[in-house]
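These notes are about the structure you will find just below.
Protein chains: 2
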Amino acid sequence: MNAGSDTAEVKLDIESAARYLNMPQLRLKGLLDRRILSQIWNRSPYEGWDEHQRLFRFDKSVSKIEHGSVLYQKDGSFELIRGFPKIQRAMLLDPTLKKYFSNIETVAVEEKMNGYNVRLADIGGKVLAFTRGGLVCPYSTERAGQLLKRDFFDDHPDLVLCGEMAGPDNPYVPKDIYGIESLDFFVFDIRHKGSGAPYSLKERRKLAGKYGFRQVTFFGEFLLNEAPDEIISIIRELGIIQHEGVVIKDPQMVLNPIKYTCSQSNCADLRHAFKFYNDTGQDYFFSRVVREGFQSVEWDEDEEELQKRCFQLGESILRPMIESIKQVRNGARIADDVQIRVKYQDTIPTYKDYLKRLGVDAIFGVPQRIGDEYIVKIKKLNQSTNDKTESMCKGELW
Amino acid sequence: MNAGSDTAEVKLDIESAARYLNMPQLRLKGLLDRRILSQIWNRSPYEGWDEHQRLFRFDKSVSKIEHGSVLYQKDGSFELIRGFPKIQRAMLLDPTLKKYFSNIETVAVEEKMNGYNVRLADIGGKVLAFTRGGLVCPYSTERAGQLLKRDFFDDHPDLVLCGEMAGPDNPYVPKDIYGIESLDFFVFDIRHKGSGAPYSLKERRKLAGKYGFRQVTFFGEFLLNEAPDEIISIIRELGIIQHEGVVIKDPQMVLNPIKYTCSQSNCADLRHAFKFYNDTGQDYFFSRVVREGFQSVEWDEDEEELQKRCFQLGESILRPMIESIKQVRNGARIADDVQIRVKYQDTIPTYKDYLKRLGVDAIFGVPQRIGDEYIVKIKKLNQSTNDKTESMCKGELW
Numbered sequence: 427m428n429a430g431s432d433t434a435e436v437k438l439d440i441e442s443a444a445r446y447l448n449m450p451q452l453r454l455k456g457l458l459d460r461r462i463l464s465q466i467w468n469r470s471p472y473e474g475w476d477e478h479q480r481l482f483r484f485d486k487s488v489s490k491i492e493h494g495s496v497l498y499q500k501d502g503s504f505e506l507i508r509g510f511p512k513i514q515r516a517m518l519l520d521p522t523l524k525k526y527f528s529n530i531e532t533v534a535v536e537e538k539m540n541g542y543n544v545r546l547a548d549i550g551g552k553v554l555a556f557t558r559g560g561l562v563c564p565y566s567t568e569r570a571g572q573l574l575k576r577d578f579f580d581d582h583p584d585l586v587l588c589g590e591m592a593g594p595d596n597p598y599v600p601k602d603i604y605g606i607e608s609l610d611f612f613v614f615d616i617r618h619k620g621s622g623a624p625y626s627l628k629e630r631r632k633l634a635g636k637y638g639f640r641q642v643t644f645f646g647e648f649l650l651n652e653a654p655d656e657i658i659s660i661i662r663e664l665g666i667i668q669h670e671g672v673v674i675k676d677p678q679m680v681l682n683p684i685k686y687t688c689s690q691s692n693c694a695d696l697r698h699a700f701k702f703y704n705d706t707g708q709d710y711f712f713s714r715v716v717r718e719g720f721q722s723v724e725w726d727e728d729e730e731e732l733q734k735r736c737f738q739l740g741e742s743i744l745r746p747m748i749e750s751i752k753q754v755r756n757g758a759r760i761a762d763d764v765q766i767r768v769k770y771q772d773t774i775p776t777y778k779d780y781l782k783r784l785g786v787d788a789i790f791g792v793p794q795r796i797g798d799e800y801i802v803k804i805k806k807l808n809q810s811t812n813d814k815t816e817s818m819c820k821g822e823l824w
Numbered sequence: 427m428n429a430g431s432d433t434a435e436v437k438l439d440i441e442s443a444a445r446y447l448n449m450p451q452l453r454l455k456g457l458l459d460r461r462i463l464s465q466i467w468n469r470s471p472y473e474g475w476d477e478h479q480r481l482f483r484f485d486k487s488v489s490k491i492e493h494g495s496v497l498y499q500k501d502g503s504f505e506l507i508r509g510f511p512k513i514q515r516a517m518l519l520d521p522t523l524k525k526y527f528s529n530i531e532t533v534a535v536e537e538k539m540n541g542y543n544v545r546l547a548d549i550g551g552k553v554l555a556f557t558r559g560g561l562v563c564p565y566s567t568e569r570a571g572q573l574l575k576r577d578f579f580d581d582h583p584d585l586v587l588c589g590e591m592a593g594p595d596n597p598y599v600p601k602d603i604y605g606i607e608s609l610d611f612f613v614f615d616i617r618h619k620g621s622g623a624p625y626s627l628k629e630r631r632k633l634a635g636k637y638g639f640r641q642v643t644f645f646g647e648f649l650l651n652e653a654p655d656e657i658i659s660i661i662r663e664l665g666i667i668q669h670e671g672v673v674i675k676d677p678q679m680v681l682n683p684i685k686y687t688c689s690q691s692n693c694a695d696l697r698h699a700f701k702f703y704n705d706t707g708q709d710y711f712f713s714r715v716v717r718e719g720f721q722s723v724e725w726d727e728d729e730e731e732l733q734k735r736c737f738q739l740g741e742s743i744l745r746p747m748i749e750s751i752k753q754v755r756n757g758a759r760i761a762d763d764v765q766i767r768v769k770y771q772d773t774i775p776t777y778k779d780y781l782k783r784l785g786v787d788a789i790f791g792v793p794q795r796i797g798d799e800y801i802v803k804i805k806k807l808n809q810s811t812n813d814k815t816e817s818m819c820k821g822e823l824w
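Chains as they are written, first to last, in our numbering: chain A, 427 to 824; chain B, 427 to 824.
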């Protein structure tokens, strides 16, 4: 494996692509002109392999094609890796489950893990890892190659394996909470290329199990009227161990799943976000704060519980921000410290280049050999928070 | 006094106006075309008086003319009421004062009151109250007529009186904290029409004093190197009595003033904002939260003080939101309850019309006679928070 060359321009065959996507040619041409559909800019994650140049990514949702969908222009035909559908959130479990799942009798509950969403698919004979946005993450692609055997993709070239990359060697959301030493891939969905149609939960667990894949925890299948109470007690347990939450699914996967998260996870998000208060979107803060309000109401909290929640919320916001301001005042720079673990040293410059093109300002440490792999510490600088805090400390006006 | 007729269209004499504003005609025409400059739409606040139709308002800052500036097209000449300049904020008092005021020796400190900013000016023989955005508020105009005698404007038709309307009979920011029974006007600036040039603090206090006007509290003039400590102790005192904060001024008013506020005021703002969590802009939350972080750092708080601040912040966010969710769940509608007190019953429909045109959904109660005035209770409905909360309670997804 070696860092590949930069992307050379490949023209999309508009006539054939429009036919394949069942879309008027003019509309497809408009998408290309506005760069809503554009060639993926990644360097090849495989040495001497340039099929990645034939990938085109949807930067927005278009008709029924989700944001992050990827079109692969093979020699004379096409494949479409559908973007992973947005999972909507229940703010109040009881009324939401009863309304949303009113036509089915039971719901299945699986864990929502705190890592990053990856879709794995075979593209022209190589497994690629696509991010939510439809880019090929070179680190995740290398890791997938280490974590999963190819046989699934050989047997099922028409399937997309969707799952969470979680663990400490995670350059996006590093978490120690799962007892994973490095990084692992947890399957939560198997879908067809093209249609995006999902396997039922049972079939998916069976198929993924057959190939020995790890999967997200399955908590059970519950009768609809018992589900809210069951889920609340799962959420309380998950909260205690700092896990994120659950995804509630129609076992047949006809209805889209919905999600619900623990207060502890909201607060952990806030702590991370307020460390970099000026870099994080304000809706990120706002949405988490509002969830706390709804959960407190649904859980019918007494004065003591409410006070505890207020204090935890306030602490999650103020402590990290105060820590960052003090650090900058003392001349230090605040950074998000993450790390990756790679098998091939060539993955490092490819990943560095990838982050750079994503606009992430990162400093890579010297690779440290651990067994037959290398750990690289990465400092992701949050320029806006550093700059703003520094200017306040120097006496600029807000 | 009587509710006047609707605005009839008046054409701006572009050639003369451009000359008066020292602006190319084409540019002025462009501003009119894009409605950045447009005729004010208020109904006349004075019976049979239609000079208000000759007012044109700047909806954005243009060249050196501030947002909220108002151009008055008299018969053959013009007057310009400059928008009230934005007052920037110190996040850390010590470095900011030393840097910003480095060229002067002392700074003057006055109270920043929590009401709404109003500019009073004589327009064609009548005193009008302009809001920050440059609209004529019919309520404030009536109140100004009751609170202030005309003699100042007769003697100084070229001056603009800037101040805070504060007190409980306040349809925007009702506050009981000032010991005011109804509403009062507190002068904090006197400026010239046209240039917007301010009086020095001393001259302003003298002139406003001569006409018997109430003014914002003056806390003193401090040497620059003593000012941060002096202001912090003023802020601590003001915080205890729930007042908002201070404005720090160059006594000569050559440099623009800057502001600094109490934690208690930030938290009071948050309490009000989170009652209507889905109606308030997210930057409103964010800015107040960030202020808390900087203040805690500058005040070098110990663990106990920090815990208190965390708890207060969390409470200011969660309690009002939880209260609103519970209210809506119980079938009530949440509303901002305010009141106005008017001398002339005709002000009521004019003000109602004004709020409606501002897009505020308000229910006016039956006027209650108090002495020779009328109190009208107003329920301002916050539709977005009501709708969102109701839909969550009905089980919709976020």
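Backbone N, C-alpha and C fix where the C-beta goes; we use that ideal spot for every residue, glycine too. Remember, predicted model here, so these are calculated numbers, not experimental data.
I'd like the span of the beta strand (DSSP E) that includes S464 of chain A, first residue to last.
If you look at S464 of chain A, you'll find it in the beta strand (DSSP E) that goes 463-465.
Would S722 of chain B count as contacting chain A if we go by Cβ distances under 8 Å?
Residue-level contact by beta carbon holds for S722 of chain B and chain A, with a gap shorter than 8 Å.
Would you check if the distance between the CB atom of D595 of chain B and the CB atom of Q765 of chain B is smaller than 8 Å?
Contact check for D595 of chain B against Q765 of chain B passes: the beta carbons are separated by less than 8 Å.
Measure from the C-beta of T643 of chain A to each C-beta in chain B and report whether the shortest distance is under 8 Å.
No, no contact with chain B.
So, for A555 of chain B: in the same chain, excluding its five sequence neighbours on each side, which residues have a beta-carbon less than 6 Å away from its beta-carbon?
Once the five neighbours on either side are set aside, the close Cβ partners of A555 of chain B are V544, L546, C563, S566, T567, A570.
Could you name the residues of chain B that V672 of chain A contacts, counting a contact when the two beta carbons are closer than 7 Å?
For V672 of chain A, no chain B residue has a Cβ inside 7 Å of its Cβ, as the nearest lies near 15 Å away.
Hey, quick one: how far does the alpha helix (DSSP H) through Y710 of chain B stretch, first residue to last?
It spans 708-724 - the alpha helix (DSSP H) in which Y710 of chain B sits, taken as one unbroken run.
For N428 of chain A, which residues of its own chain have a beta-carbon under 7 Å away from its beta-carbon, when the five flanking residues on both sides are left out?
Reliability of the predicted coordinates at N428 of chain A is poor, the pLDDT of 41 falling under 50, and the value obtained from them is presented with this limitation in mind. Closer than 7 Å at the Cβ level, and outside the excluded window around N428 of chain A, lie E473, D772.
Pairs of beta-carbons, one from the region 505-520 of chain A and one from the region 801-817 of chain A, closer than 8 Å: are there three or more?
Flag = no, the region 505-520 of chain A and the region 801-817 of chain A do not touch.
Coil, strand or helix - G550 of chain B by DSSP
Three-state DSSP puts G550 of chain B in coil, outside helix and strand.
R483 of chain B: first and last residue of the uninterrupted beta strand (DSSP E) it sits in
481-484 is the span of the beta strand (DSSP E), which, as asked, contains R483 of chain B.
Cβ of F648 of chain A within 8 Å of Cβ of T522 of chain A?
The answer is no: Cβ separation not under 8 Å.
Taking only the alpha-carbon atoms, compute the straight-line gap between F644 of chain B and G671 of chain B and give it to the nearest angstrom.
About 12 Å.
Please report the residue range of the beta strand (DSSP E) in which A788 of chain A lies.
A788 of chain A -> beta strand (DSSP E) spans 787-790.
Which residue marks the beginning of the beta strand (DSSP E) containing F611 of chain B, and which one marks its end?
F611 of chain B: member of the beta strand (DSSP E) spanning 610-618, first to last residue.
Per DSSP, what are the beta-bridge partners of Y542 of chain B in this structure?
Per DSSP, B:M591.
Per-residue DSSP class, three states only, for D763 of chain A:
Strand.
Complete alpha helix (DSSP H) runs within the region 659-715 of chain B (minimum length 4 residues, chain order)
If we require 4 residues or more, the alpha helix (DSSP H) runs fully inside the region 659-715 of chain B come out as 689-701.
Please confirm whether A653 of chain B has its beta-carbon closer than 8 Å to some beta-carbon of chain A.
Output row for A653 of chain B: interface = no.
In this structure, how does DSSP classify M427 of chain A when only helix, strand and coil are distinguished?
Here M427 of chain A scores only 40 on pLDDT, less than 50, and its place in the model should not be relied on; the value that follows carries that caveat. Per DSSP, reduced to three states, the secondary structure at M427 of chain A is coil, with no helix or strand assignment.
Hey, E741 of chain B and C736 of chain A: beta-carbon distance below 8 Å or not?
Closer than 8 Å, so yes.
Is V599 of chain B near N529 of chain B, with beta carbons less than 8 Å apart?
For V599 of chain B and N529 of chain B, no; Cβs fall outside 8 Å.
Please list, in chain order, the chain A residues whose beta carbon lies closer than 9 Å to that of W725 of chain B.
In chain order: nothing, as chain A lies at least about 11 Å away.
Partners in chain B for T532 of chain A, counting only beta-carbon separations shorter than 8 Å:
Neighbours of T532 of chain A on chain B: none; closest Cβ ~18 Å, over 8 Å.
Can you find the residues in the same chain that come closer than 8 Å, C-beta to C-beta, to K866 of chain A, ignoring five residues on each side of it along the sequence?
Since the first and last residues shown for chain A are 427 and 824, residue 866 of chain A lies out of range.
Which residues in chain A sit within 7 Å of K778 of chain B, going by Cβ to Cβ distance?
Within 7 Å Cβ-Cβ: nothing; K778 of chain B doesn't reach chain A, min ~32 Å.
Residues that F711 of chain B contacts on chain A, provided the C-beta gap is smaller than 9 Å:
Within 9 Å Cβ-Cβ: Q708, F711, F712, V715.
Can you tell me whether G430 of chain B is buried or exposed, with buried defined as 16 or more other CB within 10 angstroms of its CB?
Confidence at G430 of chain B is low in this model, with a pLDDT of 45, below 50, so its placement is unreliable and no value can be given for it.
Helix, strand or coil, according to DSSP, for I440 of chain B in the structure here?
I440 of chain B: helix per DSSP, three-state reduction.
Under 7 Å, CB to CB, which of the residues in the region 500-523 of chain B have a partner in chain A?
Cβ proximity to chain A below 7 Å picks out Q514, R515, A516, M517, L518, P521, T522 from the region 500-523 of chain B.
Taking the alpha-carbon of K500 of chain B as reference, which of B:G550, B:I666, B:Q451, B:I491 has the nearest alpha-carbon?
That would be B:G550, whose Cα lies nearest to the Cα of K500 of chain B.
Would a C-beta distance cut-off of 8 Å place I491 of chain B and F482 of chain B closer than the cut-off?
Not in contact: I491 of chain B and F482 of chain B (Cβ atoms no closer than 8 Å).
Does G430 of chain A have its Cβ less than 8 Å from a Cβ in chain B?
Low per-residue confidence applies at G430 of chain A: pLDDT is 45, beneath 50, and the placement is therefore not dependable, though the value from the model is reported in the following sentence. G430 of chain A does not count as touching chain B.
Buried versus exposed, by CB contacts within 10 Å (16 or more), S495 of chain A:
So S495 of chain A counts as buried.
Do K701 of chain A and I760 of chain A have their CB atoms nearer than 8 Å?
K701 of chain A places its beta carbon less than 8 Å from that of I760 of chain A.
Taking contact to mean at least 3 C-beta pairs separated by less than 8 Å, is the region 661-669 of chain B in contact with the region 678-694 of chain B?
At 8 Å Cβ cutoff, the stretches touch.
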